[in-house]
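Here is the structure we will look at, set down as structure tokens.
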Amino acid sequence: MQGMAAAGLGTMAGVGPAAAPRPMGSAPAAGVGTRHGARAPQAIEERFDPWVEVHPDALAHNVAVVSRLAGGRPVLAVVKNNAYGLGLTVAAELLARHDAVTGFAVVKPEDALRLREAGIEGEILLMGMSPDDAVRDLVEADVRLSLYLDDDARRLPARAGSDVRIPAHVYLDTGMGRMGMPYHRALPWMAELAASGAFDVRGTFMAFTEEGDFDREQLARFRGVVDQTRARGVETGRLHAASSNGVFHLPEAHLDAVRPGIALFGSYPSRPDEERAMAELRSAVSLRCRVVRVERLRAGDSVSYGRSYVADRPTWVATLPAGHVDAYPRGAVEGARVVIGGRLYPVIGAVSASHTIVEIGEEPTVEVGDVATLLGGEVDAVHPNAVAEASGASVYDLLMHLDPSLPRVVT
Ligand SMILES: *Cc1c(COP(=O)(O)O)cnc(C)c1O
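Going by my numbering, the sequence shown opens with residue 14, and the numbers climb by one from there.
So this is what it looks like as structure tokens:
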């Protein structure tokens, strides 16, 4: 253990040529939290087990990029699924500092309420179901509900308490077939919602299938319903449709506001190479841990379950205490690499629940206690898109499955 911290800190500062020195030990993190409560920042400096770092500068950069791509339209930031792994309230608090971000969208009622409890003041849109027993709390917290069920005009006011106009967005299904009122049934239903007088409709929205030409057809369907509704004097509020894919590839769908998630957090939604050429994003999240074992294999020695790696010559290997339970993909053995001390090392053997093994090579250039970066922004090879691609995984799965119980450190 002696010298562990020093070795670890030196490694941190040295990760990647482009990384500004930001030793973890010198500046206490601006904030640390887990889903289950706060933890002292010092714990991270001594910690071997994985932790998640959230980078405000990268978030600021990505907000600016998205806002520019969207022609300055307001950004409704999607922070569902633990804000794509960053941590719901940690991410929302950082995003809320930017004027371009005018509100937040989530899928679960509990997340909407947690945002308010954390002091988030902007617009909060619940894009999911509002169960009967949650309606009153949601309305009291000024969460905007999504209207999409046939009986919403009766059900929701009955649950909201008397005399409140329920803040809401109308959710239209234009071909996604997942959520929303089917567009071909929407007109009389929207008229009924308006006639009830129970709703304060602030927006109307839809989601794309993200399937090239069909997206344009979906947009035309959406426009058709909105135009006819407005022609009848019914309020639709602000229109929004574009997720990150639409922000990049469908300018005509930017409408009154955009609704991206993954791009804000620094990963590319659909075609990373093409999107990077349009606008460079920075990963706002890193997954790191400290090396717990360094050993020399003899020729013929094997590594991990199934003996899928057998050394054909003497070589050093290091064990990291992070595995697929933390969201590091099992497929990482297919070509993903890890940064330790500014160098890249390949993942070998098998990714197990709590351990990953990397090959160091002929020289023991890694020590117990060195910081390993499995995901991050400083080196292209560990950018979440690169790790996802090398592992045959979806970058969405990778980020959203980052274990919510790991500490989040803002740095
Ligand atoms: C997840 C989601 C988004 C954001 O998608 P990204 O691809 O992460 O930008 C937007 N709208 C809806 C309805 C969603 O479910």
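Heads up, the beta-carbon is just placed ideally off N, CA and C, and yes, glycines get one too.
Residue 120 has its alpha-carbon roughly 29 Å from the corresponding atom of residue 395.
The C-beta separation of residue 364 from residue 342 comes to about 7 Å, placing the pair in contact by the 8 Å criterion. Looking at 374, 166, 123, the one whose alpha-carbon comes closest to that of residue 326 is 374. Here the C-alpha atom of residue 108 lies approximately 35 Å from the C-alpha atom of residue 163. By the Cβ rule, the segment 117–132 counts as touching the segment 90–100, because three or more pairs are nearer than 8 Å. The C-alpha of residue 261 lies about 7 Å from the C-alpha of residue 82. By the neighbour-count criterion, in which a residue is buried when 16 or more other Cβ atoms sit within 10 angstroms of its Cβ, residue 301 is buried. Look at residue 93: its beta carbon is less than 7 Å from one of the heavy atoms in ligand 1. Remark: C-beta atoms of residue 389 and residue 280 do not approach each other more closely than 8 Å. Taking the Cα of residue 143 as reference, the smallest distance to any Cα among 89, 60, 126 is reached at 126. With a 10 Å radius around the Cβ and a threshold of 16 neighbouring Cβ atoms, residue 284 comes out exposed. The three-state reading of DSSP puts residue 297 in coil, since its state is none of H, G, I, E or B. The residues 366, 367, 416, in chain order, have a CB closer than 8 Å to that of residue 338 in the same chain once the five nearest residues on each side in sequence are set aside. As a beta-bridge residue in DSSP terms, residue 64 pairs with 301. Exposure of residue 177 is indicated by the presence of fewer than 16 other C-beta atoms within 10 angstroms of its C-beta. Straight-line measurement puts the Cα of residue 412 at about 13 Å from the Cα of residue 64. Residue 194 sits in a strand when the DSSP states are folded into three classes.
Distances from the CB of residue 80 to the heavy atoms of ligand 1 are all 7 Å or more. The three-state secondary structure of residue 283, taken from DSSP, is coil. Under the 10 Å beta carbon count, residue 323 is surrounded by fewer than 16 other beta carbons and is classified as exposed.
It is roughly 5 Å from the alpha-carbon of residue 193 to the alpha-carbon of residue 184.
Residue 245 sits away from residue 256, with the two beta carbons spaced by 8 Å or more. Residue burial annotation: residue 274 is buried, with at least 16 other C-beta atoms found within 10 angstroms of its C-beta. Residue 391 carries a coil assignment under DSSP once its states are collapsed to helix, strand and coil.
According to the DSSP assignment, residue 118 belongs to the beta strand (DSSP E) that extends over 114–119. Ranking 362, 313, 397, 348 by CA distance to the CA of residue 340 puts 397 first. By the C-beta density criterion, residue 282 is buried, having at least 16 other C-beta atoms within 10 angstroms. Of the other Cβ atoms in all chains shown, fewer than 16 fall within 10 Å of the Cβ of residue 191; this residue is therefore exposed. A direct Cα-Cα distance of roughly 11 Å separates residue 210 from residue 203.
The C-alpha of residue 75 lies about 36 Å from the C-alpha of residue 330. For residue 159, no alpha helix (DSSP H) encloses it; the enclosing beta strand (DSSP E) starts and ends at 156–160. Assignment of residue 212 by DSSP, reduced to helix, strand and coil, places it in the strand class. Residue 133 carries a coil assignment under DSSP once its states are collapsed to helix, strand and coil.
Cβ neighbours of residue 175 within its own chain (closer than 7 Å, five residues either side excluded): none. When rounded, the separation of the alpha-carbon atoms in residue 218 and residue 224 is 18 Å.
Separation of residue 295 and residue 347 (C-alpha to C-alpha, rounded to the nearest whole angstrom) is 24 Å.
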